[in-house]
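Undergrad: Take this structure first; my questions come after.
Numbering (this note's numbering), first residue to last: 108 to 1196.
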């Protein structure tokens, strides 16, 4: 290789100022001729530079001086050159084989900021790239190298491949619309409905010009606030397809989004039928005028409606481009019809005067300015009739996935459409009220005569329509729905406008419903609807959704009677508007750093007012329809909340929960603990959560919805796994707890041994008052078969808990607790996700010798030991021991039935020994069990002691079935039991009398768990008490569902670990499920109010 240093120079591309150029073995001058421009790395990293379009192809900025003079990273990162086999040599990092990228003139894999790093996996634009991880930049160089840019030889996921494929398809010609064609046109067509042509004049007649403008402004106020809220949400990040559903679900979460998405899609589907039936009714009315009905009016509506919806389906299925072209044609017709009307108002015709049209006159304006409500109409009933005409503002947002830039298109298009259509409605109201009288006979002979006292506006224009006060007139604002055709310059064009308005709205709804439904199905909120998530073609068209929408629309068209369903549909749309407004208020209230909309013209309180207005309007339009809508939303919300879909969208609901939790934690910390509010907040040392289900289920029984439960997991490793493995383990353990409905936190720590890890957990776990006060462990069943250093750590963990003023609870089952060695028990990890081979997991609670609890003992844990969460493929049948162990591991999951919880409250520890059984009996699983209390006493004071305890329990308001005073608790134990204890301790005795004092002291220092003869003699009485208590427990409580007994204490530094372990073993052996409990001797019960 040439001795020349590698040459870095700018490429000829105008796209990048800084890029990596290839290094050849020849001279630097020949480099451009010999090597083509380097391709981008195919892996996770990409050459990322600062864009400078001003540099032309010939631009050569030359290498900075520091590249030639010992680059700083070359010293620290071990730069090497390797050949690619194609005559090129690339600078590479010795441990990552990743091409260096040139950042600020230095060689480094540290990437500069780039938008590609912030895309989500399924981003429809561009290719998903990942910045170098912290581990890749920070870890030691002896890590395994990445190959082809993928960590540890991983293959790209199916989602990433699909995203890349979608990106290529998108670049290959997907139709994307701008704000005019995609949003403005659609919104205007949807807002300008049939109401503009056949109901606007009637509303002016009823409410007058003044109140009509007020009605229009009220409706516009609601839609404008909703438009502002929609703009705020749409500009708070990239918007995908799904319209209102996407906006609401990503803001408020799947519960609100899933419920509103389903009814919004259904509302759009039924709206297709409403608009098509409106079109069909107009056509059938024209056929009836010329006596050309095919059958009867109802069936003709069905026939015309069916043919129309088939035609619209064909346009939609042809693709968004054809649908957009059809919308443009319909808009042109609609604009022509509106212009035709206004043109007609300026051209009065004599033969139209008897029908009430006189042109613009101030007399008509003043007469029509005030209201004239008839036929029991009111302001709100007229408002309810008009408001659906103002809806349709989400027509553009509903196809957000087909917009080139939804973030800018939705705000501009929606708000401009609201402004234009609002002004149009006001203009039509003022013009109609200024040139058409309320009532007219249509008779040329009804002119003013001298004998008639006439004062209305028509009289001043030469006509007397006073006879209309008696009813029966067919013309004027109040009587003729087709008065706009009369006024217009060319009447048939108004009919064409009606056709355009109905068909455009139907077409918009026919497109919106499948798009929203497709987005809903993709998120898998409702199981079984995934079939409708599939898209076809370059625009990912939801063809199956089109067919479903067609079927729903056709069904309602065939009903042909939509007066009942129409109010519910209007309320469905209003519910969507209300939730969009509420989303903005909620996101602002949560004050999440992720809420950063680029659209700034919104206010959280205005949005809240908009949400309230929408709800009010719902009840104004139709109170029973509003109730039905709310009930449907509530039912869907409860369903989705119960199913808990596995999605995480960073909703404002999560942000608000965080805020509330933080606030409450801080408020709680400012108040001192009180005995009345004491709760056993448990730190459960259970290893992996599914290793000891019985331990977790029992603790969960008395902490669920009452107090804190943390599953602590001490892991000892010779080499700590990387962050990715840790996070995957954490997520799987959390999911297991959620799946089993155990309300607990999972907290793993890494430590050298059990005691060190437990110390970390005891001191660090918790937040403010939400901090454990009780340590819960499993009994170490196989302690006598393991390394006694593990027993030393186990006992010292108990001492550490007492030192930190924790209560201690130890559970012992006759068959043991640990089921991790049994294959197929709720595994959390697949075989391909095994933890590193160096890992050794400390599993705290231990079963019998046969249930493989040796992984609690670091000295016995081999480097190739499997994690208890890993699936082991085996077809061998379970042994009888494992079958019993499996059965006992589920014993606290089922209802316990009638029985007793025997509480051996031998020593007053503050009341924890009594409180835990009481909390258990409050649960339905333990509700049939009764508490029996056993206490120590003297034979000559048994009745007195029983009455005293009964009084205490009654003051504590704790129900009990019996109180037993044990007068014979100090009787000497049976001889064979004493011999059994002697055999138990024999291997652990120091036997200092049989050796020299110096040797004995040296052995005791090396093995501090050894039992001295002096210690045995000093605690002989306490030893006999444990043996005797076991005899009494077998005598009185052998049939109990659960035994809760005061745990004996051992003075730290005086009682050896082996002797204490032998006490616990002797006390609890061969008994039903037993809890050894010792509080911290602070009162946890009180009888004061």
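Just so it is clear, CB atoms sit at the ideal spot from N, CA and C, and this is done for glycine as well.
Helix, strand or coil, according to DSSP, for residue 1010 in the structure here?
TA: Residue 1010: strand per DSSP, three-state reduction.
Undergrad: Measuring CB to CB, does residue 690 end up less than 8 Å from residue 355?
TA: Yes, they are a contact pair.
Undergrad: Assess, as a yes-or-no matter, whether the region 287-301 is touched by the region 521-534 under the definition of 3 or more beta carbon pairs within less than 8 Å.
TA: Output reads yes: the region 287-301 touches the region 521-534.
Undergrad: Among 365, 349 and 1106, which one has its Cα closest to the Cα of residue 743?
TA: Answer by Cα proximity: 365.
Undergrad: Is it the case that the region 871-881 contacts the region 1128-1142, given that we only count it when at least three CB pairs across the two stretches are under 8 Å?
TA: They do not touch, by the three-pair rule.
Undergrad: List, from N- to C-terminal side, the beta strand (DSSP E) runs of 3 residues or more that fit wholly inside the region 789-839.
TA: Here the runs fully enclosed are 789-792 and 816-824.
Undergrad: Could you tell me which residues DSSP pairs with residue 461 in its beta bridges?
TA: Looking at the DSSP assignment, residue 461 forms no beta bridge with any residue, so it has no partner.
Undergrad: State buried or exposed for residue 395, treating a residue as buried only when at least 16 other CB atoms are found within 10 Å of its CB.
TA: Counting Cβ neighbours within 10 Å, residue 395 comes out exposed, since fewer than 16 surround it.
Undergrad: So is residue 53 buried or exposed if we call it buried at 16+ other beta carbons inside 10 Å?
TA: A query on residue 53 cannot be resolved here, the shown segment of the chain reaching from 108 to 1196 and no further.
Undergrad: Do residue 607 and residue 440 count as a contact pair if the criterion is CB distance below 8 Å?
TA: Yes, the pair counts as a contact, with Cβ atoms nearer than the cut-off.
Undergrad: Looking only at DSSP bridge pairs, what is residue 1034 linked to?
TA: Beta-bridge pairing links residue 1034 to no other residue.
Undergrad: Round the Cβ separation of residue 789 and residue 813 to the nearest angstrom and send it over; I've been treating them as touching at under 8 Å.
TA: Not a contact, Cβ separation roughly 11 Å.
Undergrad: Along the chain, where does the alpha helix (DSSP H) that runs through residue 405 open and close?
TA: Taken as a continuous stretch (DSSP letters only), the alpha helix (DSSP H) holding residue 405 covers 404-424.
Undergrad: Can you tell me whether residue 899 is buried or exposed? The criterion is at least 16 other CB atoms within 10 Å of its CB, across all chains shown.
TA: When all chains shown are included, residue 899 counts as buried.
Undergrad: Roughly how many angstroms lie between the CA atoms of residue 63 and residue 731, to the nearest whole one?
TA: In the structure displayed, the chain extends from 108 to 1196; residue 63 sits before or after that span and is not available.
Undergrad: Using DSSP with H/G/I as helix, E/B as strand and the rest coil, what is residue 1131?
TA: DSSP places residue 1131 in helix when its eight states are reduced to three.
Undergrad: Would a C-beta distance cut-off of 8 Å place residue 309 and residue 585 closer than the cut-off?
TA: Yes, Cβ-Cβ distance for residue 309 and residue 585 is below 8 Å.
Undergrad: Mind reading off the beta-carbon distance from residue 918 to residue 802? Whole number of angstroms is fine, and I expect it under 8 Å.
TA: So it is a contact: roughly 6 Å between Cβ atoms.
Undergrad: What is the DSSP secondary structure of residue 308, counted as helix, strand or coil?
TA: If DSSP states are grouped into helix, strand and coil, residue 308 belongs with the helices.
Undergrad: If you check the beta carbons only, do residue 464 and residue 303 fall under 8 Å apart?
TA: No, they are not a contact pair.
Undergrad: Return the residue from the list 927, 1188, 891 and 698 that minimises the CA-CA distance to residue 912.
TA: The shortest C-alpha separation from residue 912 is found at 1188.
Undergrad: Within 10 Å of its beta-carbon, does residue 467 have 16 or more other beta-carbons around it, so buried, or fewer, so exposed?
TA: Counting Cβ neighbours within 10 Å, residue 467 comes out exposed, since fewer than 16 surround it.
Undergrad: When the Cα atoms are used, what is the spatial distance from residue 323 to residue 493?
TA: Rounded to the nearest angstrom, the two C-alpha atoms are 8 Å apart.
Undergrad: When the distance is taken between beta carbons, is residue 1023 closer than 8 Å to residue 883?
TA: Their beta carbons are not under 8 Å apart, which means residue 883 does not touch residue 1023 by this criterion.
Undergrad: Counting only the same chain and skipping the five closest in sequence on each side, list residues whose C-beta sits under 7 Å from that of residue 766.
TA: Cβ within range, chain order: 697 and 698.
Undergrad: Shortest alpha-carbon distance to residue 1042 belongs to which of 1065, 1015 and 1036?
TA: Among 1065, 1015 and 1036, the Cα nearest to that of residue 1042 is on 1015.
Undergrad: In terms of residues, what are the limits of the beta strand (DSSP E) holding residue 1071?
TA: Unbroken beta strand (DSSP E) run through residue 1071: 1069-1073.
Undergrad: Flag residue 924 as yes if its beta-carbon sits less than 8 Å from any beta-carbon of chain D, otherwise no.
TA: Note that chain D does not occur in the displayed structure, where there is just one protein chain.
Undergrad: With a threshold of 16 other CB atoms inside 10 Å of the CB of residue 1112, please say whether the residue is buried or exposed.
TA: Exposed, because fewer than 16 other Cβ atoms sit within 10 Å of the Cβ of residue 1112.
Undergrad: Please report the Cβ distance between residue 367 and residue 382, rounded to the nearest whole angstrom; I am assuming they are in contact, meaning their Cβ atoms lie under 8 Å.
TA: That belief does not hold up - the Cβ atoms of residue 367 and residue 382 are roughly 21 Å apart, past 8 Å.
Undergrad: Considering just the uninterrupted stretch of the alpha helix (DSSP H) at residue 361, what are its terminal residues?
TA: Run containing residue 361: 361-396, per the alpha helix (DSSP H) assignment.
Undergrad: Count the other CB atoms, across all protein chains shown, that sit within 10 Å of the CB of residue 185; report buried if there are 16 or more and exposed otherwise.
TA: Any reading at residue 185 must be qualified, since the residue scores a pLDDT of 37, below 50, and its modelled position is unreliable; the value itself is stated next. Result: exposed.
Undergrad: Using only CA atoms, which one of 313, 471 and 546 lies nearest to residue 482?
TA: The option with the nearest alpha carbon to residue 482 is 313.
Undergrad: When the Cα atoms are used, what is the spatial distance from residue 110 to residue 828?
TA: Any answer about residue 110 is weak, because its pLDDT of 41 lies below 50 and its placement is not dependable; what the coordinates show is given next. Rounded to the nearest angstrom, the two C-alpha atoms are 41 Å apart.
Undergrad: Using the Cβ count rule (16 or more neighbours within 10 Å means buried), how would you classify residue 1106?
TA: Residue 1106 is exposed by the Cβ-count criterion.
Undergrad: Kindly examine the ligand PLP and report whether one of its heavy atoms sits closer than 7 Å to the Cβ of residue 743.
TA: The ligand PLP is not among the ligands present in this structure, which contains no ligands whatsoever.
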